[in-house]
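Notes follow once the structure below has been shown.
Written out as structure tokens, the structure reads:
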């Protein structure tokens, strides 16, 4: 790594923490796109392509705000911040703002489990039943929970849960509630017989970590990951409050008396077969599809509801965490390189399984391999994020948006487009 890149990296880190954009109009008024660029090293054509992709995503998806950043050692660093963090006041979005990162949390929970394995506290091939009483618990392994091959029903696919969360995102919920929902459904398949992305897996892993350590999974993550990497903008919240500075999160109002997204039939009753495995039920995000296809924008900015203060216990160890751009940049590289694990355990993490036939996406132990980019994405009410690291070049791409519903994913398609620009060199 040349000395020039050290200078570039230092400037980039400073600007990520301090960059702001001009104040935008309040709710209902047109928002003027601005793109203050951290502009170091890329060609003008690449910068224009990055900006066009980001601005188009925001316009087409009717996003209040979006942050997109591309860092490639020895080649360049680029950052774009568009729009507002608060539709009511018109406060401009800031690169230092915190977002709920949803299923990016799985990279933290997965790392916690792998750290325990590294320290001899568990084996990846131990049965779940060693710590948690669960149907088929003798046959389900820790590895299968991590890589989504356990077959456990995904509680966030239960129509009653979707309605409850959508209509009352600040309502009471607990890990026990999530497990009760999953337990009432039949598994998708026998342990190890397929792939189905399931948030329940990581709620079960939360139970394992707490049984082993006598500490909450959030406490372990704070002490053994966040503090060690000095991720000052990252936390595992225990309440709906967000530490400042943060972006507010938005979603379309729920439609009472109408089917919730994905609800084609009544919820299966206990003892009846669960839904067949779907190639769409894969990384990342609580609700996002592995195929990066943006959903229609739906209501305009003026019609959105504020869902900033949703209860993090709806997501738990599958999706509760909060972070910002600077920390996600650091964390993406740490996860991709195994900074907090032994070499052997990092190799285990990167042993992936395909999410669907002929897919370029595969899933490891709490990490996705997206056509050679390692990381995760996440979607939860109000927020949609993606962070990925490319081992060959050391590149990192981070995308954050402050609008999301249970079936939307705009961050992943934007990441995919930005990655294509980086790879093609155009």
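Numbering (the numbering used here), first residue to last: 736 to 1161. We put the beta carbon where it would ideally sit given N, CA and C, even for glycine.
Could you say if the segment 845-865 and the segment 901-912 meet the contact criterion of at least three C-beta pairs nearer than 8 Å?
-> no
Would you report the Cα separation of residue 1041 and residue 1147, rounded to the nearest angstrom?
-> 22 Å
Can at least three beta-carbon pairs, one atom from the segment 1133-1141 and one from the segment 817-837, be found at a separation below 8 Å?
-> yes
Touching or not, the segment 775-794 and the segment 816-827, by the rule of three or more beta carbon pairs under 8 Å?
-> yes
Report the rounded CA-to-CA distance for residue 949 versus residue 1052, giving the unit in angstroms.
-> 16 Å
Residue 1145, buried or exposed, once every other Cβ within 10 Å from all chains shown has been counted against 16 | buried
C-beta contact flag for residue 1113 and residue 1102 at 8 Å = no
Chain-order list of residues whose beta-carbon lies under 7 Å from that of residue 882 (same chain, five-residue window excluded) = 1088, 1098, 1099 and 1100
Proximity to residue 807 [Cα-Cα], best of 870, 776 and 837 = 776
Residue 897 versus residue 889 - alpha carbon distance | 11 Å
Cα-Cα separation, residue 1132 to residue 1045 | 27 Å
List the whole-angstrom C-beta distance separating residue 1080 from residue 969, where the pair is believed to meet the contact cut-off of C-beta under 8 Å.
-> Their Cβ separation, rounded to whole angstroms, is 21 Å, which puts residue 1080 and residue 969 out of contact at 8 Å.
Rounded C-beta distance between residue 956 and residue 847? I'm assuming under 8 Å.
-> 6 Å
Put residue 1056 into one of helix, strand or coil per three-state DSSP.
-> coil
Tell me which same chain residues have a C-beta within less than 6 Å of the C-beta of residue 836, skipping the five on either side of it?
-> 1056, 1058, 1113 and 1120
Segments assigned beta strand (DSSP E), at least 3 residues, entirely inside the segment 1090-1141 | 1096-1098, 1103-1105, 1108-1115, 1118-1125 and 1130-1136
Mark residue 1035 as exposed unless 16 or more other C-beta atoms lie within 10 angstroms of its C-beta, in which case mark it buried.
-> exposed
Within the same chain, show all residues whose beta-carbon is closer than 8 Å to that of residue 1127, passing over the 5 residues directly before and after it, in chain order.
-> 1107
Residues near residue 951 in its chain [Cβ-Cβ closer than 7 Å; skip 5 each side] = 945
Throw me the rounded Cβ distance for the residue 822 and residue 1116 pair, which I believe falls under 8 Å.
-> Not a contact, Cβ separation roughly 15 Å.
Other residues of its chain near residue 973: CB distance less than 8 Å, five sequence neighbours each side excluded | 953 and 1047
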